[in-house]
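Colleague: Below you'll find the structure I mean.
Numbering (our numbering), first residue to last: 1326 to 1415.
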């Protein structure tokens, strides 16, 4: 039995199970099994060294950076020194 068949079998079992407070734990276990099986579908086999199919994200636009910290600690000053341009703080 393949991974896809196992996922379909678990989903069918979950569809048959009545949903209420008493069955929440029971429904959580098959959900975890499905998540594990789906990650196995995405991961390449351990023995292969090939590149395989991956996720491709197109690069476009400008990057965004967030400086998070307490007030009056020099976030704007740090950014000004890094990029070499004077900025006005919001």
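Note that CB positions come from ideal geometry on N, CA and C, so glycine has one too. Being a predicted model, the structure only gives us computed values, none of them experimental.
Between which residues of its own chain and residue 1328 is the CB-CB distance below 7 angstroms, once the five residues before and five after are set aside?
Modeller: Translated into the one-based positions of the chain shown, residue 1328 becomes position 3. Answer for residue 1328: 1362, 1365, 1366, listed in chain order.
Colleague: If you reduce the DSSP assignment to three classes, tell me which class residue 1413 lands in.
Modeller: To locate residue 1413, count along the chain shown from 1; it is residue 88. In the structure shown, residue 1413 sits in coil (DSSP, three-state: anything other than H, G, I, E or B).
Colleague: Using CA atoms only, rank isn't needed, just tell me which of 1342, 1399, 1335, 1344 is closest to residue 1359.
Modeller: Position 34 of the chain shown, counted from the start, is the residue given in the question as residue 1359. For residue 1359, the nearest C-alpha among the options comes from 1335.
Colleague: Secondary structure at residue 1354, three-state DSSP: helix, strand or coil?
Modeller: The residue given as residue 1354 occupies position 29 in the chain shown. The answer is helix: DSSP assigns residue 1354 an H, G or I state.
Colleague: Work out the CA separation of residue 1390 and residue 1384 for me, nearest whole Å.
Modeller: Start at 1 with the first residue of the chain shown, and residue 1384 comes out as number 59. Start at 1 with the first residue of the chain shown, and residue 1390 comes out as number 65. Going from the Cα of residue 1384 to the Cα of residue 1390 covers about 16 angstroms.
Colleague: If residue 1400 and residue 1392 are in contact, beta carbons under 8 angstroms, what's the gap, nearest whole angstrom?
Modeller: On the chain shown, residue 1400 is found 75 positions in, with the first residue counted as 1. On the chain shown, residue 1392 is found 67 positions in, with the first residue counted as 1. With 8 angstroms as the limit, residue 1400 and residue 1392 qualify as a contact, their Cβ atoms being about 4 angstroms apart.
Colleague: Under a three-way DSSP split, which group does residue 1367 fall into?
Modeller: The sequence position of residue 1367 within the chain shown is 42, counting from 1. Helix at residue 1367.
Colleague: Could you tell me the alpha carbon to alpha carbon distance between residue 1357 and residue 1342, rounded to whole angstroms?
Modeller: Locating residue 1357 in the chain shown gives position 32, where the first residue counts as 1. Locating residue 1342 in the chain shown gives position 17, where the first residue counts as 1. Distance between the alpha carbons of residue 1357 and residue 1342: 16 angstroms.
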